[in-house]
Amino acid sequence: PVRVALLLGHGMVPEVPGDGVFFVPSWGLDVDYHLTDNWSLGWHSDVEIENYMVTLPDGEEVELEMPLITTLDVFYRLNHNLLVGIGGGLTLENTEWKPLMRVAVEGEVPMNDRWEWTPTLFLDQRLDGRQVWTFAVGVAHYLLF
Numbered sequence: 001p002v003r004v005a006l007l008l009g010h011g012m013v014p015e016v017p018g019d020g021v022f023f024v025p026s027w028g029l030d031v032d033y034h035l036t037d038n039w040s041l042g043w044h045s046d047v048e049i050e051n052y053m054v055t056l057p058d059g060e061e062v063e064l065e066m067p068l069i070t071t072l073d074v075f076y077r078l079n080h081n082l083l084v085g086i087g088g089g090l091t092l093e094n095t096e097w098k099p100l101m102r103v104a105v106e107g108e109v110p111m112n113d114r115w116e117w118t119p120t121l122f123l124d125q126r127l128d129g130r131q132v133w134t135f136a137v138g139v140a141h142y143l144l145f
């Protein structure tokens with residue numbers, strides 16, 4: 001079966017200028033294909049819906065304008081309600097595509113036989129050294145073909 005989810009989240013960006021961290025809102029769209037009861041493939045896309053400044057590893061400050069992230073992930077079901085995943089992808093930052101790796105933990109809380117709540121925690125590790133932690137909650141629907 002195919003599962004489609006729409007999520008609303010907040011990312012924690014530690015590389016902002018000044019003290020502390022910055023929380024940026026995001027929308028996500030996930031499309032997952034379940035290969036078996038335990039394994040699935042997911043195409044996950046997120047857009048951070050705010051512009052913000054980051055400090056790059058070389059010390060340069062850059063304003064990111066609504067970064068778009070897309071990943072292809074593999075998930076393994078630990079039990080009925082919990083999955084872990086890993087994958088790779090790209091982030092579009094100011095017209096430049098950059099590679100990243102993602103590690104995720106997803107929950108599935110059934111509402112009925114085809115709808116569920118899906119709390120998600122994931123880490124996007126950019127290969128330039130920056131990272132964003134995101135917590136999102138969404139609603140998912142299983143499509144039957």
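Reminder that position 84 of the sequence shown reads as 84 in the numbering used here, one-by-one numbering, no gaps.
Each residue gets a CB set at the ideal place from its N, CA and C atoms; glycine is no exception.
Listed in chain order, the non-local C-beta contacts of Trp115 below 6 Å within the same chain comprise His141, local neighbours out to five positions each way being set aside. In chain order, Val2, Ser40, Leu41 place their CB closer than 7 Å to the CB of Tyr33, counting only its own chain and leaving out the 5 sequence neighbours on each side. Leu56 sits in coil when the DSSP states are folded into three classes, being neither helix nor strand. Contact annotation: Glu108 and Leu144 have beta-carbon atoms that are not nearer than 9 Å. Residue nearest to Arg126 within the set Trp117, Ile69, Asn94, Asn112 is Ile69 (criterion: CA-CA distance).
Assigned with DSSP and collapsed to three states, Pro1 falls in coil, not helix or strand.
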